[in-house]
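According to my numbering, the sequence shown is numbered sequentially starting from 24.
Positions of the beta carbon are idealized from the N, C-alpha and C atoms, including for glycine.
Just so it is clear, the structure is predicted and the values come from calculations on it, not from any experiment.
Remarks on the structure that follows.
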Amino acid sequence: MAPYDVVVIFGKVVGYLIYLLIGVGFGAVLELSGFGDSRKLSAQFYLTEMRVLKVMFTAIVVAMLLIFLFNSFGLLNFENIWVNPTFLWSQIIGGLIMGVGFIIGGFCPGTSLVAASTLKLDGVFFVLGALFGVFLLGESISIPILDELYYAGDMGRFMLSDLFGLPVGVVVFLVILLALTFFYGAEILERIFGGKMKFKDIDLAPHRLLNPIFMGVLILIAAIIMIKGEPSLEKKWQMLPEIERVKLEKKEVFIHPAELLELMNDFQLKVHTLDLRSESDYNIFHIYRAQNISKEKIMSYEFVKDALTEPSNSIFVLVSNNGDDLADVYKYLKIKGVANLYVLDGGVNNWLRIFSPDSSVAVAKSDSTEGMNFIFNAAYGSSLYISNPWDGYSKFEAGKDYIKKVKIQKKAAKSGGCG
Numbered sequence: 024m025a026p027y028d029v030v031v032i033f034g035k036v037v038g039y040l041i042y043l044l045i046g047v048g049f050g051a052v053l054e055l056s057g058f059g060d061s062r063k064l065s066a067q068f069y070l071t072e073m074r075v076l077k078v079m080f081t082a083i084v085v086a087m088l089l090i091f092l093f094n095s096f097g098l099l100n101f102e103n104i105w106v107n108p109t110f111l112w113s114q115i116i117g118g119l120i121m122g123v124g125f126i127i128g129g130f131c132p133g134t135s136l137v138a139a140s141t142l143k144l145d146g147v148f149f150v151l152g153a154l155f156g157v158f159l160l161g162e163s164i165s166i167p168i169l170d171e172l173y174y175a176g177d178m179g180r181f182m183l184s185d186l187f188g189l190p191v192g193v194v195v196f197l198v199i200l201l202a203l204t205f206f207y208g209a210e211i212l213e214r215i216f217g218g219k220m221k222f223k224d225i226d227l228a229p230h231r232l233l234n235p236i237f238m239g240v241l242i243l244i245a246a247i248i249m250i251k252g253e254p255s256l257e258k259k260w261q262m263l264p265e266i267e268r269v270k271l272e273k274k275e276v277f278i279h280p281a282e283l284l285e286l287m288n289d290f291q292l293k294v295h296t297l298d299l300r301s302e303s304d305y306n307i308f309h310i311y312r313a314q315n316i317s318k319e320k321i322m323s324y325e326f327v328k329d330a331l332t333e334p335s336n337s338i339f340v341l342v343s344n345n346g347d348d349l350a351d352v353y354k355y356l357k358i359k360g361v362a363n364l365y366v367l368d369g370g371v372n373n374w375l376r377i378f379s380p381d382s383s384v385a386v387a388k389s390d391s392t393e394g395m396n397f398i399f400n401a402a403y404g405s406s407l408y409i410s411n412p413w414d415g416y417s418k419f420e421a422g423k424d425y426i427k428k429v430k431i432q433k434k435a436a437k438s439g440g441c442g
């Protein structure tokens, strides 16, 4: 299932050759579109020639439609596609600087490379200037004010659907309508400012690429994406590699309480024990440093964003009373790319069975229920010794025979974007 890592599939030589050919094709298209000529690029700011807007919006529209169309039908896992993280304020300032440079120099970083590749002097000097600017930033980024600015407004993987609280399909449909409006407006502006025509003399009927058939195809595909919607949680789960699904089915990600106890006391690790029980159960008893969190909160954009920015030595352990009701949460977080994710086998009840509480504070229920299987005489939280019985760990016979399952997985480097 896409996206595919061609280096893994075909090997380094063929994989990098494919990347090279894609780059050659991309550069050729930009050159054929006139992106190596600063006069044509600058013309968009004078509204006399809007080819930059047309080419770039065409690329955006085609890529967006294909990505979300394939995603809707389960042919591509969008969660595995790199989306540039949003650093709002630093990107606003960077956009203003780049915009001024674009107007004055006639290039953006990518188009300057196109011009330089055809030995245009203005493109060559623009590239040299850009590289010098990158060097200066790299040497000065340690200055506190610049370092703070560089990461200002960190919002992680933030999309229009997150901003407006709308389904992705609806946003795709609206973006298509916006793109068609821009295409149409660009045609009109070119005739007014480029062709020196008066508005009353302009034929407002769409022509060239912007014709009813073109519009209809785009709107139809966008409508299919909107109606089809995103794949369900179960469908997305099936998109993951089989090895990940097998781990859950065979309970390879369910860890013994004794292993969690060891992890909690390994100071080279950052363990997040996520307790999804009710607040009342949590207050009665919880594992040391466990965080009480609702299912809605843990399956939110904000939580996932924070989880994905945690260091590679972080481990997430999901906890409930019995541990058998967390499959949906596990699947959701795994789909979102959260690494080093595990479930406490048997939940808090199993923890209490192994690290038995003193009979003066709690007794086991005679019948097993869905909730806590122990009755406490007060709300102890994590104040009891058994919430982190590390100094007496060797006394617990039940902790000697368990199989260690946690394997720290380093985060795979992801990158992307356009220069």
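Practice task
Along the beta strand (DSSP E) that carries D298, what are the first and last residues, could you check?
Solution key: Segment 293-298, the beta strand (DSSP E) holding D298.
Practice task
Could you tell me whether the region 108-126 touches the region 42-58, where touching means 3 or more Cβ pairs closer than 8 Å?
Solution key: Taking 8 Å as the limit for Cβ pairs, the verdict is that the region 42-58 does not touch the region 108-126.
Exercise for the section: Provide the residue(s) that pair with D381 in DSSP beta bridges, ordered along the chain. Expected result: Per the DSSP secondary-structure output, D381 pairs with nothing in a beta bridge.
Handout entry: D298 vs V342 beta-carbon contact at 8 Å
Key = The criterion of a C-beta distance shorter than 8 Å is satisfied by D298 and V342.
Handout entry: L364 - partner residues in DSSP beta bridges
Key = Answer by DSSP bridge pairing, in chain order: F339.
Practice task
For N94, collect the residues of the same chain with a Cβ closer than 6 Å to its Cβ; drop the 5 residues on either side in sequence, then sort them by chain order.
Solution key: Cβ neighbours of N94 beyond the five flanking positions: F101.
Exercise for the section: Please list, in chain order, all residues of the same chain as A246 whose beta carbon is under 8 Å from its beta carbon, the five residues on each side excluded. Expected result: For A246, where only same-chain residues beyond five positions count, the Cβ hits under 8 Å are F196.
Practice task
Give the range of the alpha helix (DSSP H) segment to which G156 is assigned.
Solution key: Annotation: the continuous alpha helix (DSSP H) that includes G156 extends over 144-163.
Exercise for the section: Confirm, please, whether the CB-CB distance from N336 to A402 is below 8 Å. Expected result: Their beta carbons are not under 8 Å apart, which means A402 does not touch N336 by this criterion.
Handout entry: Buried or exposed by the 16-neighbour rule on C-beta atoms within 10 Å, applied to F96
Key = Residue environment for F96: exposed (fewer than 16 other C-beta atoms within 10 angstroms of its C-beta).
Practice task
Go through its chain and collect everything with a Cβ distance to A22's Cβ below 8 Å, but skip five positions before and after it.
Solution key: Because the chain here runs from 24 to 442, residue 22 falls outside it and cannot be looked at.
Practice task
Keeping to the same chain, check which residues put their C-beta closer than 8 Å to that of I426; ignore five residues upstream and five downstream.
Solution key: So the qualifying residues of the chain are H279.
Exercise for the section: Let me know the secondary structure DSSP gives M178 once reduced to three states. Expected result: Reduced to three states, the DSSP call for M178 is strand.
Handout entry: CA nearest to the CA of L10, picked from G152, S303, V294
Key = Past the edges of the chain, shown from 24 to 442, lies residue 10, and the structure says nothing about it.
Practice task
Tell me, please, which residues DSSP counts as bridged to N411.
Solution key: The secondary-structure analysis by DSSP pairs N411 with nothing; it has no beta-bridge partner.
Practice task
Give the secondary structure of L64 by DSSP, where H, G and I count as helix, E and B as strand, and everything else as coil.
Solution key: Residue state for L64 is assigned as helix, using DSSP reduced to three classes.
Handout entry: Cβ shell of P380 (< 7 Å), same chain only, five flanking positions each side left out
Key = The beta carbon of P380 lies closer than 7 Å to those of F397, L407, I409 in the same chain, with the five residues before and after it left out.
Exercise for the section: Work out the CA separation of M249 and F446 for me, nearest whole Å. Expected result: Here the chain covers residues 24 to 442 and nothing more, so residue 446 does not appear.
Exercise for the section: Starting from the C-beta of I116, find all residues in its chain whose C-beta is less than 6 Å away, skip the five residues before and the five after it, and write them out in chain order. Expected result: Contacts found: none.
Exercise for the section: Check the C-beta distance from L367 over to G346 and give it rounded, since I have them as a contact under 8 Å. Expected result: With a Cβ gap of about 5 Å, L367 and G346 count as contacting.
Exercise for the section: Would you kindly report the start and end of the unbroken beta strand (DSSP E) that includes F6? Expected result: Residue 6 lies beyond the residue range present for the chain, which begins at 24 and ends at 442; the question has no answer from this structure.
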